[in-house]
Amino acid sequence: SRWCLITSHKLYSSVYDPNEKTFEKLLIANRGEIACRVIKTCKKMGIKTVAIHSDVDANAVHVKMADESVCVGPAPTSKSYLNMDAIMEVIRKTSAQAVSLNVSICCSFLSSLSLQASEGVTFIGPDTHAIQAMGDKIESKLLAKNAKVNTIPGFDGVVKDADEAVRIAREIGYPVMIKASAGGGGKGMRIAWDDEETREGFRFSSQEAASSFGDDRLLIEKFIDNPRHIEIQVLADKHGNALWLNERECSIQRRNQKVVEEAPSTFLDPETRRAMGEQAVALAKAVKYSSAGTVEFLVDSSKNFYFLEMNTRLQVEHPVTECITGLDLVQEMIRVAKGYPLRHKQADIPINGWAVECRVYAEDPYKSFGLPSIGKLSQYQEPLHVPSVRVDSGIQQGSDISIYYDPMISKLITYGSNRAEALKRMEEALDNYVIRGVAHNISLLREVIVHPRFVRGDISTKFLPEVYPDGFKGHKLTDLERRELLATAASLYVAEQLRSQQFLGTPRIPIAKSKRSSWELSVRLGDGIYPVAVSKDGSSFSVEVDGMKLNVTSEWNLASPLLSVTVDGTQRTIQRISRNASGETSIQFLGTVYKLQILTKVAAELSKYMPEKAAEDTSSILRSPMPGTVVAVSVKPGDMVSEGQEICVIEAMKMQNSMIAAKTGKV
1 SRWCLITSHK LYSSVYDPNE KTFEKLLIAN RGEIACRVIK TCKKMGIKTV AIHSDVDANA
61 VHVKMADESV CVGPAPTSKS YLNMDAIMEV IRKTSAQAVS LNVSICCSFL SSLSLQASEG
121 VTFIGPDTHA IQAMGDKIES KLLAKNAKVN TIPGFDGVVK DADEAVRIAR EIGYPVMIKA
181 SAGGGGKGMR IAWDDEETRE GFRFSSQEAA SSFGDDRLLI EKFIDNPRHI EIQVLADKHG
241 NALWLNEREC SIQRRNQKVV EEAPSTFLDP ETRRAMGEQA VALAKAVKYS SAGTVEFLVD
301 SSKNFYFLEM NTRLQVEHPV TECITGLDLV QEMIRVAKGY PLRHKQADIP INGWAVECRV
361 YAEDPYKSFG LPSIGKLSQY QEPLHVPSVR VDSGIQQGSD ISIYYDPMIS KLITYGSNRA
421 EALKRMEEAL DNYVIRGVAH NISLLREVIV HPRFVRGDIS TKFLPEVYPD GFKGHKLTDL
481 ERRELLATAA SLYVAEQLRS QQFLGTPRIP IAKSKRSSWE LSVRLGDGIY PVAVSKDGSS
541 FSVEVDGMKL NVTSEWNLAS PLLSVTVDGT QRTIQRISRN ASGETSIQFL GTVYKLQILT
601 KVAAELSKYM PEKAAEDTSS ILRSPMPGTV VAVSVKPGDM VSEGQEICVI EAMKMQNSMI
661 AAKTGKV
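For the sequence shown, the UniProt record's numbering assigns the number 1 to the initial residue and increments by one for each residue that follows.
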């Protein structure tokens with residue numbers, strides 16, 4: 001039920017042929033949603049799976065899904081999921097015939113796999129040469145040039161120090177992009193607009209690169225301002241065959257990490273699509289690539305495109321390609337690893353419909369478009385009842401989102417016969433997604449997909465800072481939407497009051513039924529206080545707000561985390577996040593959580609006598625906005641600091657963040 005249903009291209013639905021033998025047992029050296037994704041295809045193909053896990057992931061979903069599981073170390077990835085010795089021992093112990101990797105791969109691990117090859121262990125992915133060549137951004141850029149692939153102007157060598165970085169940046173011309181040579185996923189990457197930012201970018205990028213990839217080498221290239229980020233999915237076998245499986249638009253990003261992806265792109269014409277695809281295939285053939293891979297490009301407003309990097313793994317956003325082509329990319333990777341040739345020709349690859357993916361993160365979108373959040377998922381419900389929705393996740397109700405790993409909750413994918421249909425389903429799916437216990441970015445995702453610029457396809461990698469120059473503030477209610485929210489909240493309050501008067505069973509003493517049918521309320525929303533009159537009319541409520549009457553109907557199942565409410569004929573799916581005895585309640589409406597206080601008219605008049613708790617003065621305190629590790633302290637007690645001066649550096653979920661002083665003072 002989690003898969004997009006593609007009925008018109010059953011030829012590409014990747015039905016498994018039981019006569020096509022592959023592997024009996026496969027070890028998955030990964031965690032989370034991608035490990036679960038691989039296990040699903042293995043089950044379909046009749047392959048037994050072995051999951052590895054850290055001690056904190058002992059009860060993770062991928063561990064429960066696998067046929068076998070082995071703990072390989074403590075929580076830090078370097079001691080567990082990247083612990084090569086432990087993983088190689090598990091391969092021997094479980095007699096796994098193949099191993100699937102999708103993490104930052106060390107060359108020493110690949111060397112170990114090469115040694116294991118003699119024992120019959122196959123790596124699901126390209127060979128060592130291709131991974132090393134494409135994993136090194138400096139070498140990959142040189143290979144791309146030789147393969148006649150368009151490349152970005154820049155320095156092709158390794159930058160030695162901050163002084164050389166400044167010199168090179170001046171020669172190329174600002175702005176420049178400082179990137180980790182072995183990097184990916186937005187880590188070890190900084191944009192510099194002047195000498196000072198170049199020095200700072202060199203420091204942070206090299207530290208992040210060393211922490212995330214064990215390689216602090218950097219390169220510098222011209223930053224293409226205001227581009228689109230469009231990538232081509234390629235698939236190649238060991239017999240010299242290679243295909244391009246159309247493009248994915250990945251321009252909606254924050255901190256160089258993708259947030260919303262779609263396939264196909266609204267921007268490409270058939271000629272540009274073909275040119276990009278052919279160059280991607282040329283690069284794959286140049287390095288004798290054999291598996292699924294992604295060639296990423298930056299595309300300017302004139303449809304000039306430039307090679308960015310090649311990812312030698314299954315990308316997070318691969319589901320949108322599967323939706324529009326019908327191919328199961330994991331199955332194709334396993335087939336190729338076993339030595340089978342590709343089953344399709346380039347002319348066979350369709351663009352069937354439209355698919356959109358939103359990355360649902362445990363992040364606070366109101367802080368820099370998403371600072372990580374940790375906690376336990378106290379309530380979790382995926383919107384699988386919405387038609388044509390696919391959810392790739394590796395968590396469940398009760399799962400912990402920790403500081404050790406990426407804060408992704410899931411990948412939410414919707415499919416439609418056209419873009420408008422796919423976006424409408426995504427809007428509905430986001431409204432019906434229940435996540436409690438951690439902060440999440442549903443509000444940002446929903447605002448992006450309904451924004452007029454996004455809807456008409458007018459996007460670039462600068463979309464978020466351009467649309468929200470002062471940061472994301474949530475949905476801004478129109479007057480009509482404000483009245484709808486007030487009416488819905490008031491009706492919900494009255495429905496709850498009526499329910500509290502009901503008795504289960506028959507009471508011993510007859511109790512007279514309440515004849516009350518109208519309520520005068522006072523509702524606080526933001527800085528405004530609004531008088532609201534509610535009257536019961538059968539199963540619905542008539543609500544007067546701002547002198548206008550609205551009709552509110554619902555089944556009022558107050559035990560459900562989702563409430564379908566109709567206000568004057570307009571259906572809305574809302575969620576009541578919290579409430580307390582003082583009338584305060586939080587309601588998720590149009591994706592954004594609004595805080596309201598609902599009181600009776602009498603209680604509202606008396607509330608002015610209630611003392612208010614003074615807000616804590618935090619101007620003299622430096623408080624980390626997220627949990628993490630202190631990797632550097634730039635001051636000592638007694639130092640005088642200025643507003644904006646760096647105090648320390650916090651590393652959280654493999655990203656380094658500079659903490660600065662809020663005002664001038666003494667430490």
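Think of the CB as a built atom: it goes at the ideal place given N, C-alpha and C, for glycine as much as any other residue.
- The three-state secondary structure of Lys-595, taken from DSSP, is strand.
- Its chain contains Val-50, Ile-91, Ala-96 and Val-99 as the residues whose beta carbon lies nearer than 6 Å to that of Leu-27, once the 5 sequence neighbours on both sides are disregarded; these appear in chain order.
- Apart from sequence neighbours up to five positions away, the residues of its chain that approach Cys-358 with a beta-carbon distance below 6 Å are Val-260, Leu-412 and Leu-445, ordered along the chain.
- In the DSSP annotation of this structure, the continuous segment of the beta strand (DSSP E) that includes Glu-544 starts and ends at 540–545.
- In the structure shown, Ser-378 falls within a coil segment according to DSSP collapsed to helix, strand and coil.
- For Asp-225, the closest alpha carbon among the candidates His-239, Tyr-174 and Leu-245 is that of Tyr-174.
- In the displayed model, Asp-55 falls within a helix according to three-state DSSP.
- Taking the Cα of Val-72 as reference, the smallest distance to any Cα among Ser-78, Ile-52, Glu-221 and Leu-268 is reached at Ile-52.
- Judged by beta-carbon spacing, Asp-127 lies beyond the 8 Å limit of Leu-142, meaning their Cβ atoms are not closer than that value.
- Cβ-Cβ distances below 7 Å link Asn-441 to Val-360, Tyr-361, Glu-363, Pro-365 and Gly-370 in the same chain, with the five nearest sequence neighbours on each side left out; the list follows chain order.
- Under the three-state reduction of DSSP, Ser-517 is assigned to coil, being neither helix nor strand.
- Counting the other CB atoms within 10 Å of its CB gives Phe-23 a total of 16 or more, which places it among the buried residues.
- Thr-312 is positioned such that its CB atom lies closer than 8 Å to that of Gly-135.
- Cβ atoms of Ile-598 and Thr-585 come within 8 Å of each other, at about 6 Å.
- As a beta-bridge residue in DSSP terms, Lys-25 pairs with Lys-48.
- Per the C-alpha coordinates, the member of Asn-551, Asn-557 and Pro-264 positioned closest to Gln-571 is Asn-551.
- Distance between Ile-395 and Glu-317, taken at the CA atoms: about 18 Å.
- Classified as buried, Asn-246 has 16 or more neighbouring CB atoms from the shown chains inside 10 Å of its CB.
- In the DSSP assignment, Phe-463 falls within the alpha helix (DSSP H) that extends over 463–467.
- Straight through space, the alpha carbons of Ala-130 and Leu-308 are spaced by roughly 16 Å.
- With 16 or more other Cβ atoms inside 10 Å of its own Cβ, Gln-253 counts as buried.
- Nearest to Tyr-493 by C-alpha distance, out of Glu-520, Tyr-468, Pro-264 and Glu-481, is Glu-520.
- In the DSSP assignment, Met-276 falls within the unbroken alpha helix (DSSP H) covering 270–286.
- Minimum Cα-Cα distance from Pro-319 among the listed residues Ala-355, Cys-36, Pro-531 and Lys-608 corresponds to Ala-355.
- The beta carbons of Met-177 and Ile-168 sit no closer together than 8 Å.
- Exposure of Thr-478 is indicated by the presence of fewer than 16 other C-beta atoms within 10 angstroms of its C-beta.
- Contact annotation, Met-408 with Glu-33: C-beta distance approximately 7 Å; criterion of less than 8 Å satisfied.
- For Leu-101, there is no enclosing alpha helix (DSSP H); the residue is found in the beta strand (DSSP E) stretching over 98–101.
- With respect to Gly-474, Thr-573 sits apart: the two C-beta atoms are not nearer than 8 Å.
- The continuous alpha helix (DSSP H) containing Gly-135 extends over residues 128–135.
- Linking Ala-165 to Phe-223 through their CA atoms gives a straight-line distance of about 14 Å.
- Shown here for Gly-125: same chain residues with a beta carbon closer than 6 Å to its own, the five before and five after excluded, namely Ser-291 in chain order.
- For Phe-454, the enclosing alpha helix (DSSP H) covers residues 452–455.
- In the structure shown, Ala-355 falls within a strand segment according to DSSP collapsed to helix, strand and coil.
- In this structure, the CA atom of Ile-459 is about 27 Å from the CA atom of Gln-656.
- With 16 or more neighbouring CB atoms inside 10 Å of its own CB, Pro-227 falls in the buried class.
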